[in-house]
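A short worksheet on the structure shown next.
2 protein chains.
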Amino acid sequence: MLPIFLRSVHTRRILWRMRQSQLFTKTRREAPSDEFAKNAQLLIRAGYIHKELAGVYDFLPLGLRVLDKVIGIIREEMNAIGGEEVLLSTLQNPDVWKKSGRWDDASVDVWFKTHLKNGGELGLGNTHEEALTALMTEHIASYKDLPRYVYQFQNKFRNETRAKSGVMRAREFIMKDLYSFSRDAAQHTEFYEKAASAYEKIFSRVGIGDKTYRTFASGGSFSKYSHEYQTVCEAGEDTIYIDEAKRLAVNKEVYDDQGVYAAIGIDKSGLKEAKAIEVGNIFTLGTRFSETLGLSYKDAEGKSTPVFMGSYGIGPGRLVGTVVELMADGKGLVWPESVAPFSYHLVSLGRDGDEISKTADVLYDDLIKANVDVLYDDRDARAGEKFAESDLLGIPKRIVVGKDTTAGEFEVVNRATGTVAKKSREEILAPARGGSASGGK
Amino acid sequence: MLPIFLRSVHTRRILWRMRQSQLFTKTRREAPSDEFAKNAQLLIRAGYIHKELAGVYDFLPLGLRVLDKVIGIIREEMNAIGGEEVLLSTLQNPDVWKKSGRWDDASVDVWFKTHLKNGGELGLGNTHEEALTALMTEHIASYKDLPRYVYQFQNKFRNETRAKSGVMRAREFIMKDLYSFSRDAAQHTEFYEKAASAYEKIFSRVGIGDKTYRTFASGGSFSKYSHEYQTVCEAGEDTIYIDEAKRLAVNKEVYDDQGVYAAIGIDKSGLKEAKAIEVGNIFTLGTRFSETLGLSYKDAEGKSTPVFMGSYGIGPGRLVGTVVELMADGKGLVWPESVAPFSYHLVSLGRDGDEISKTADVLYDDLIKANVDVLYDDRDARAGEKFAESDLLGIPKRIVVGKDTTAGEFEVVNRATGTVAKKSREEILAPARGGSASGGK
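Protein chains in written order, with our numbering: chain Z, 1 to 441; chain P, 1001 to 1441.
If you want it as C-alpha cells, here you go:
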C-alpha cells in the first residue's frame, strides 16, 4: 500500500508578467562559435541561458522560468507518489564513499574533488546514494518505518571530458533524484511501477510523451535490468531499438542479450533503430548500498534485514534541452504551454504614447488582472525586428496590436503552427488561465 | 525612478499537510557530540537538518520547508524592488577572477578549487560579482539599459577553517545575492535605500525585526562605508555598538573611526555594546568590477562610462539559525508563524481506530479542506512523549485531541507562550489561513 501521507501540493503557480523594455536579457544573432549543440545555441541566442564554459551554463530569467516550471511538474508527480523532499549537500564526505567502494576515480570516473583548508579531501556530489543511505540509518529502524521515498532537486557535478551536448550533458546540472527504501523486493517492485507511471506522466506533461519510450538497459552491478526513458531525437547520444506497438525499447547495452527479449516479450527482428536522448532512468539497487553502509531494519520477528533500495533520476535541464531539440524550428524556440516562460507574447507596434500603445497598455493590464502570464513587448522597435525576436523566444501565443487593431478584437498567432486567429477580448481573457503547473500541452 | 517591470509574484503558497506516522525523520534526544552550536543541535535533534561534516548540513523535509518559506519571503521582497531572478553556476571560470585580481588564495582565503579532467583549474563560487559582471557585458550597452537588478538563490562555498556556528557559518550554504547596475552614484543611492527598506521588511517578516540593527561597517576596498544588518544575540560572532533611539549601530571595524559618528550623526558615548549575528549586508561596489571586467555603457552623449554597481546579500540558512537562537527555549524550537513548517500540530491521544482517533481524523480532514498547514501526530505513543516531541518541533499552535475532547471544542496550545485556549471548530478552521508567504509574526 502506498502511503497517503504527503498530500503536499507544492503549489508553484507563478504569476508572471513583464515589460520587455525592462527584461535585462537581450537576444543575439549568433551563438558563441564554440557552442555546437542546437539546444544551447538557441537558448543562448534567445537570452535564456549563458555559457560560462563548456558544459557549464547559467540560467537567465526566461530560462530559469522554464526550468522552474519543469521542476514544478516533476515535484508534483513525486509528491503524488509519496516522495518527501530534502536538500542534501554538494560537498561529500569521503568516508561513506570509501565504504561503498566508489571514492576512487577508478570506480567513478567523473569525480570533481577539492580540499579543506584545514586538511582532508572532499568530493562534489555526482550522485547521492551514499550520503542518503548513511543518513537514513538514523531514521529507519523497524519494518514499521518502511517504505520511505526521499527525493531532492540538487546540483550534480560530473567531470565529463566531452561536454558537447549543451544543457543535455552538463558538468554541473540540477538533478531530481529520488531514492526508495523498501522492506523487500516485492514492496520495492510495487513502488517501482508507480514511479514508472509518474515518469510517463512527467514526460507527457512537458510535451515529449509521444516520442519517449521505456527502454530496457543493463542493471549494472545492481540488478539484471534497469530502465531508461529515451526520447527519440536526432541530437541524442544514445541508440535504441524500438517496438512501436508495445511502446518499449532496448538500448545498445542489452541489444545482443537474447535474455532481454524473452524477459519483456518482444521480438528482436522488426525493432526500429533510432537515436535518442536519455531523459530519465530508474534503477533497482537492491541491498548494494544498504549492506555496505549498514542500513538495516528489524522485521516483524526482530530479525535484522538490509533495506531494499531503488533510485530514480530525471535531469530537469536535460528535459529543457530535449524540448528545444524536438520542437524548435528554423525561426527559433517553440515551447509547449506547460513549460513556456509566458503564455502570451503581447507585441505592440505602437510608439511611445500613441493610440496603438494605449490599446496595448490596456490589454496588458487586463491580462494581468485575469492572471495570464504575459511578456509585453512595449519597446520602440521595427515590426519586423519584433516579430523575428518573438519567434526566437518561442512563447506559445502572440497577440499583435497594430494600427488595424480595434480595442475589441485581436490577432493571435500560434507560434508552433503559425496559424492566425481573430479573438475577442473576452476570448483572450477568459480561458487563458492555468498553464503553469496544471499540465497538458 | 524604480522600474515597474517585474510584477512577478513568485507565489510559493505551499499547502502542506502530513501524517507524522509517515514523516521519515525521527527526533533524537542528543545532538552529535561534535556539534557545539545551539541552532544546529536543536535542528538536528528535531530532525530538521542532518550534519554531513563540520559546516556542511543537509536540509530534511521540515528544515527544507522552513528554508523554503524564508526564501519565499526574500524572493517576494526582491521582486518588489525590481529584482530579476537568475541561477548562476557554482563552477567558476578562473579567467574572470584573474582579471579582477581575486583568483589567488592570497586575496580570497576561502576558495575551494577543483580540476577539470581534461585540464584546467576551476573554482567553486564563494560570491558571484565576477561571473555576473562579465555576463552583463552582453546585456548592457546603453544608458537605456540601466538600471538593472539581478539576483539569485545559489550555493556559495567557503573554505572556512572554523565552522563552529552551525547553520550560521557553513562551508556550503544558499545565499541570496542581488547585484545592482546603475548609471551613476545618484541612481545607485536611490536603489541602495530601497534595498535597505526591503531588507528591513524581510527581517521583520521572519520575526527578528525588533532585534536587528542597520550597522555601519567598513566599505573595504569598495567604498567608505558599507552596511550590515546585525541581530542582537548572545550566539553572534560579531560585536556591535548600538544607538537604540536611532536604531543604528556601528561594528568593531569602524568603532574607533571618528569619521563615522559625524557621517551618521550619532554620539560614540552612550552606545551599547552587544554580541550580534550578521544577517545581511549591502555594499556599494562602485566601478571596482565594471572597470576590471569591461562593463560599460554609452551615456546620452555617446561617451563610454563604467557601470556603477552594488551588492546585497542575505543567507536564508543563517536567518533560520538566527530565528532558532533567538526563539528556542528549554523545550525545543519555537517558530514564528511566517516561517514555521506547519501552522498547526494536531496531536491525537487516541489509539488506532478508537473514538479519539476518529475525532482527530475528522478534524485533520477539515483542516486540509480549509487549507490549513497541519502536521498530524497520528502515531500510537504515550501522551508525554508526544507532547515533548511536539515542543521540540516548535510548531506554533498545538491542538490536542484526547478523551475529554468533544467534537465541537478543542484545546489549542500556543508553543511560544504556553497559553491554552479553548476554541470551537469554526474558530480553528476560519481564520487560520495565510501564514505561508503573507508575512507578519
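In this text, a Cβ means the ideal position worked out from N, Cα and C, and glycines have one as well. These figures come from a predicted structure and were not determined experimentally.
Under 7 Å by beta carbon: chain P residues contacting residue i
i	result
residue 117/Z	1159, 1161
residue 171/Z	1091
residue 86/Z	1058, 1059, 1060, 1061, 1064
residue 135/Z	1050, 1058
residue 345/Z	Within 7 Å Cβ-Cβ: nothing; residue 345/Z doesn't reach chain P, min ~15 Å.
residue 293/Z	Here the premise fails: no neighbours, minimum Cβ distance about 14 Å.
Per-residue DSSP class, three states only, for residue i
i	result
residue 2/Z	Residue placement at residue 2/Z cannot be trusted, given a pLDDT of 30 that sits under 50; what the coordinates show is reported in the next sentence. Three-state DSSP puts residue 2/Z in coil, outside helix and strand.
residue 1375/P	strand
residue 397/Z	strand
residue 1060/P	coil
residue 1336/P	coil
residue 86/Z	coil
residue 188/Z	helix
residue 1322/P	helix
residue 330/Z	coil
residue 1261/P	helix
residue 466/Z	Since the displayed chain Z opens at 1 and closes at 441, residue 466/Z lies outside it and no answer follows.
residue 231/Z	strand
residue 1007/P	Residue placement at residue 1007/P is flagged as unreliable, the pLDDT there being 27, under the threshold of 50; a coordinate-derived value is accordingly withheld.
residue 342/Z	coil
residue 1350/P	coil
residue 43/Z	helix
residue 169/Z	coil
Within chain Z, partners of residue i - CB distance below 7 Å
i	result
residue 1112/P	114
residue 1042/P	Neighbours of residue 1042/P on chain Z: none; closest Cβ ~16 Å, over 7 Å.
Supposed close pair residue i, residue j - CB separation, criterion 8 Å
i	j	result
residue 336/Z	residue 206/Z	7 Å
residue 1290/P	residue 1133/P	6 Å
residue 44/Z	residue 167/Z	With 8 Å as the limit, residue 44/Z and residue 167/Z do not qualify as a contact, their Cβ atoms being about 10 Å apart.
residue 1172/P	residue 90/Z	6 Å
residue 442/Z	residue 156/Z	As shown, chain Z starts at 1 and ends at 441. That puts residue 442/Z outside it, with no answer to give.
residue 1333/P	residue 1324/P	6 Å
Residue i, buried or exposed, once every other Cβ within 10 Å from all chains shown has been counted against 16
i	result
residue 258/Z	exposed
residue 1139/P	buried
residue 1034/P	exposed
residue 1195/P	buried
residue 1085/P	buried
residue 1102/P	buried
residue 6/Z	At residue 6/Z the pLDDT is 30, less than 50, meaning the model places this residue with poor confidence and gives no usable figure here.
residue 359/Z	buried
residue 414/Z	exposed
residue 1039/P	buried
residue 410/Z	buried
residue 216/Z	buried
residue 32/Z	exposed
residue 1046/P	buried
residue 1059/P	buried
residue 251/Z	buried
Within chain Z, partners of residue i - CB distance below 9 Å
i	result
residue 1148/P	22, 24
residue 1076/P	Going along chain Z, no residue has its Cβ under 9 Å from residue 1076/P, so there is no contact; the nearest lies around 12 Å.
residue 1285/P	Within 9 Å Cβ-Cβ: nothing; residue 1285/P doesn't reach chain Z, min ~17 Å.
Contact under 8 Å by Cβ, residue i with residue j
i	j	result
residue 163/Z	residue 235/Z	no
residue 52/Z	residue 1093/P	yes
residue 229/Z	residue 265/Z	no
residue 357/Z	residue 377/Z	no
residue 297/Z	residue 273/Z	no
residue 395/Z	residue 342/Z	yes
residue 1202/P	residue 1314/P	yes
residue 1080/P	residue 1198/P	yes
residue 1020/P	residue 1379/P	yes
residue 977/P	residue 1225/P	Outside the shown range of chain P (1001 to 1441) lies residue 977/P, about which nothing can therefore be said.
residue 1349/P	residue 1402/P	yes
Within chain Z, partners of residue i - CB distance below 8 Å
i	result
residue 1131/P	52, 58
residue 1251/P	By Cβ distance, chain Z contributes nothing, its closest Cβ being about 25 Å from residue 1251/P, past 8 Å.
residue 1139/P	24, 25, 26, 47
Interface partners of residue i on chain P, CB under 8 Å
i	result
residue 155/Z	1090, 1155
residue 188/Z	Within chain P, no residue comes near residue 188/Z; the closest Cβ sits about 16 Å away, beyond 8 Å.
Residue i Cβ short of 7 Å to the ligand MG heavy atom set
i	result
residue 1301/P	Among the ligands in the structure shown, none appear at all, so the ligand MG cannot be discussed.
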